[in-house]
Amino acid sequence: MTRNRKLYFPNLNGLRCIAACFVIINHTEQFKYFYGIGDGVLSPSVKNIGKLGVMLFFVLSGFLITSLLLSEERIFGTIHTKKFYIRRLLRITPLYLLLIFLVFFVIQHVSFLEIPRMRNPIEENFTTIVVLHLFFLPNLTTAIYGFLPYIAQAWSIGTEEQSYLLWPLLLKRCKKNRLILMAGIILFYVLIRIVLKLFFLTVPHYEIIAKFWRHFNIDAIATGGIFAVLLFKKHRILKFVVHQKTFYITLTGVSILLLSGHRSLFSLSCLFRFIWYYHYQFSSKYTLKKSAGRIDASLFRPNLIRNIYVPFYSNDFGTHVSIEI
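To convert, note that position 110 of the sequence shown is 101 in my numbering; the numbers rise steadily by one, no gaps.
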């Protein structure tokens, strides 16, 4: 492997596109609900696919970021933590700061853009909310104040950046047992959720702690990390993963889990399918236009544009629009 060679997984584009479609459908239906368009009901299946789409983004992010770090270690003999943090900041900060500026200092002061049926605690908690966002804690803001108009999607940035803060440190510290590390992260996340639910109901600020942890989703990122480690180790379990029967089983599983909304198993099933595609290079035969999948979870802030566009077609203007899903 040369030092200039970039790590690239073309098959990820297809899964990104699927995840993007799930999130777009979910957000579109949410805004139909807010503006009284259609039957005014947000179905459980629509709620589920939105959550699953975000989980899939987290799993893909975990897979890609772990792969990049392992590739760097293989080429240079170590993981350059400082350079990793700088790359992350340069990648996300410009768009993220622009979003913060537009939402809190522009849109917040345009009454026409108020979203009906959606609580807006920004004005009475302005300083706290802005500071939390500037310190990449939008998921904590969500846990405290609920989803905020036009910037609710930013909670996922908090989850990613907080996880990425730990990731290179964990991989550098644990070199021999990385599969155990990833499995341990998932187990730890699940155990904390169980403990919070069973034993900490009377703890002050319990709801805030529980909501924050529920949205932290480091388990999904670790799920992607497991498959990255398996690929780099060329683990023998891959023979099972790429078997044709496994493909059909996971294809069926994904379809069922879409209806049930079980996020962890759904993410695991999708990664099984990705590894299968990676092995057989199906992307060269059956593919969407590549640009359709070049979507980063952090870039879902363009939903802001759609959110601004929706009021022009709300019932307030006498126009009834229904998007049948």
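Heads up, the beta-carbon is just placed ideally off N, CA and C, and yes, glycines get one too.
Pair every Cβ in the region 89 to 109 with every Cβ in the region 183 to 196, then say whether three or more of these pairs are closer than 8 Å. Taking 8 Å as the limit for Cβ pairs, the verdict is that the region 183 to 196 does not touch the region 89 to 109.
Of the listed residues E64, T69, F67, L59, nearest to R79 (C-alpha basis): Walking along the sequence shown from the start, residue 79 turns up at place 88. Out of E64, T69, F67, L59, L59 has the C-alpha closest to the C-alpha of R79.
CA-CA distance, R82 and A10? Residue 82 sits at position 91 when you count from the first residue of the sequence shown. Residue 10 sits at position 19 when you count from the first residue of the sequence shown. If I take the Cα positions, the gap works out to 21 Å.
Measure the CB-CB distance between H206 and N111 and report whether it falls below 8 Å. As a position in the sequence shown, residue 206 is number 215, starting the count at 1. As a position in the sequence shown, residue 111 is number 120, starting the count at 1. No; because the gap between Cβ atoms is not below 8 Å, this pair is not in contact.
Check whether the Cβ atoms of G149 and L128 sit closer than 8 Å, and answer yes or no. By 1-based counting over the sequence shown, the position of residue 149 is 158. By 1-based counting over the sequence shown, the position of residue 128 is 137. Yes; because the gap between Cβ atoms is below 8 Å, this pair is in contact.
Roughly how many whole angstroms lie between the Cα atoms of L279 and I212? Numbered from its first residue, the sequence shown carries residue 279 at position 288. Numbered from its first residue, the sequence shown carries residue 212 at position 221. Any answer about L279 is weak, because its pLDDT of 44 lies below 50 and its placement is not dependable; what the coordinates show is given next. Here the alpha carbon of L279 sits roughly 25 Å from the alpha carbon of I212.
Please look up how many angstroms separate the CB atoms of G53 and V14, rounded, as I've assumed it's under 8 Å. As a first step, residue 53 is located in the sequence shown; it is residue number 62 there, counting from the start. As a first step, residue 14 is located in the sequence shown; it is residue number 23 there, counting from the start. By a beta-carbon distance limit of 8 Å, G53 does not contact V14. Their separation comes to about 17 Å.
In angstroms with no decimal places, state the Cα-to-Cα distance between L161 and I120. To locate residue 161, count along the sequence shown from 1; it is residue 170. To locate residue 120, count along the sequence shown from 1; it is residue 129. Their backbone Cα atoms lie some 30 Å apart in a straight line.
Using the three-state DSSP reduction, which class does V50 fall into: helix, strand or coil? Residue 50 sits at position 59 when you count from the first residue of the sequence shown. DSSP places V50 within a helical segment (H, G or I) once states are collapsed to three.
Output the distance between the C-alpha atoms of E64 and I70, rounded to the nearest integer angstrom. Position 73 of the sequence shown, counted from the first residue, corresponds to residue 64. Position 79 of the sequence shown, counted from the first residue, corresponds to residue 70. One C-alpha to the other measures close to 5 Å.
Integer Cβ distance of A145 from L90, believed to fall under 8 Å: Here residue 145 is taken as the residue at index 154 of the sequence shown, counted from 1. Here residue 90 is taken as the residue at index 99 of the sequence shown, counted from 1. About 7 Å separates the two Cβ atoms, so the contact holds.
Does DSSP classify P85 as helix, strand or coil? Counting from one through the sequence shown, the residue named residue 85 turns up at place 94. Of the three classes helix, strand and coil, the one that applies to P85 here is helix, per DSSP.
Coil, strand or helix - I240 by DSSP: Taking the sequence shown and counting its residues from 1, one reaches residue 240 at position 249. Helix.
Pick from P140, L61, F218 that is closest to H18, judged by C-alpha positions: Taking the sequence shown and counting its residues from 1, one reaches residue 18 at position 27. Closest by alpha carbon: P140.
Which word fits G5, buried or exposed, when buried means at least 16 other C-beta atoms lie within 10 angstroms of its C-beta? The residue you call residue 5 lines up with position 14 of the sequence shown. Classification for G5: buried.
If you check the beta carbons only, do R222 and W204 fall under 8 Å apart? Within the sequence shown, residue 222 is the residue found at index 231, counting from 1. Within the sequence shown, residue 204 is the residue found at index 213, counting from 1. Rather than Arg, the amino acid found at residue 222 in this sequence is Leu. The answer is no: Cβ separation not under 8 Å.
6 Å Cβ shell around V220 - same chain, five flanking residues per side excluded: The residue you call residue 220 lines up with position 229 of the sequence shown. Cβ neighbours of V220 within its own chain (closer than 6 Å, five residues either side excluded): R169, L170.
Could you check whether the Cβ of V45 sits closer than 8 Å to any Cβ belonging to chain C? Judged by its chain identifiers, the structure shown contains no chain C, having just a single protein chain.
Rounded to a whole number of angstroms, what is the C-alpha to C-alpha distance between L88 and V122? Indexing the sequence shown from 1 puts residue 88 at position 97. Indexing the sequence shown from 1 puts residue 122 at position 131. If you take the alpha carbons of L88 and V122, they lie about 12 Å apart.
Do L51 and G216 count as a contact pair if the criterion is CB distance below 8 Å? On the sequence shown, residue 216 is found 225 positions in, with the first residue counted as 1. On the sequence shown, residue 51 is found 60 positions in, with the first residue counted as 1. Note that the C-beta distance between G216 and L51 is not below 8 Å.
Would you kindly check if the distance between the Cβ of T72 and the Cβ of K163 is under 8 Å? Taking the sequence shown and counting its residues from 1, one reaches residue 163 at position 172. Taking the sequence shown and counting its residues from 1, one reaches residue 72 at position 81. Going by C-beta atoms, K163 is nearer than 8 Å to T72.
Quick test of your reading: I113 and Q99, contact by CB under 8 Å. State the CB separation rounded to the nearest angstrom. Along the sequence shown, one-based indexing puts residue 113 at 122. Along the sequence shown, one-based indexing puts residue 99 at 108. About 6 Å separates the two Cβ atoms, so the contact holds.
Under three-state DSSP, which class holds K225? In the sequence shown, residue 225 corresponds to position 234, counting from 1. Of the three classes helix, strand and coil, the one that applies to K225 here is coil, per DSSP.
Contained alpha helix (DSSP H) runs [length at least 4] in the region 137 to 211, N- to C-terminal order: 146 to 164, 169 to 190, 197 to 207
Option in L86, L47, K236 with minimal Cα separation from N208: Here residue 208 is taken as the residue at index 217 of the sequence shown, counted from 1. Ranking L86, L47, K236 by CA distance to the CA of N208 puts L47 first.
Neighbourhood of F25 by C-beta, 7 Å cutoff - its chain only, sequence neighbours within 5 removed: As a working mapping, residue 25 is identified with position 34 in the sequence shown. Here the set comprises I106, P107, R108, M109.
Could you tell me the boundaries of the alpha helix (DSSP H) in which L125 lies? Here residue 125 refers to the residue found at position 134 of the sequence shown. Segment 117 to 125, the alpha helix (DSSP H) holding L125.
For the region 59 to 114, list the alpha helix (DSSP H) runs that are entirely contained and at least 4 residues long, ordered along the chain. Segments of the alpha helix (DSSP H) lying fully in the region 59 to 114: 72 to 96.
Assumed close pair P159, F75 - CB separation to whole angstroms, cut-off 8 Å: One-based indexing of the sequence shown puts residue 159 at position 168. One-based indexing of the sequence shown puts residue 75 at position 84. That belief holds up - the Cβ atoms of P159 and F75 are roughly 5 Å apart, short of 8 Å.
Rounded C-beta distance between I199 and A134? I'm assuming under 8 Å. As a first step, residue 199 is located in the sequence shown; it is residue number 208 there, counting from the start. As a first step, residue 134 is located in the sequence shown; it is residue number 143 there, counting from the start. With a beta-carbon spacing of about 5 Å, I199 and A134 fall inside the 8 Å limit used to define contacts.
So, is I185 buried or exposed, given that buried needs 16 or more other C-beta atoms within 10 angstroms? Position 194 of the sequence shown, counted from the first residue, corresponds to residue 185. Counting Cβ neighbours within 10 Å, I185 comes out exposed, since fewer than 16 surround it.
By DSSP, does Y24 sit in helix, in strand, or in coil? Looking up residue 24 in the sequence shown gives position 33. Helix, per DSSP.
Within 10 Å of its beta-carbon, does S147 have 16 or more other beta-carbons around it, so buried, or fewer, so exposed? In the sequence shown, counting from the first residue as 1, residue 147 sits at position 156. Buried: at least 16 other Cβ atoms inside 10 Å.
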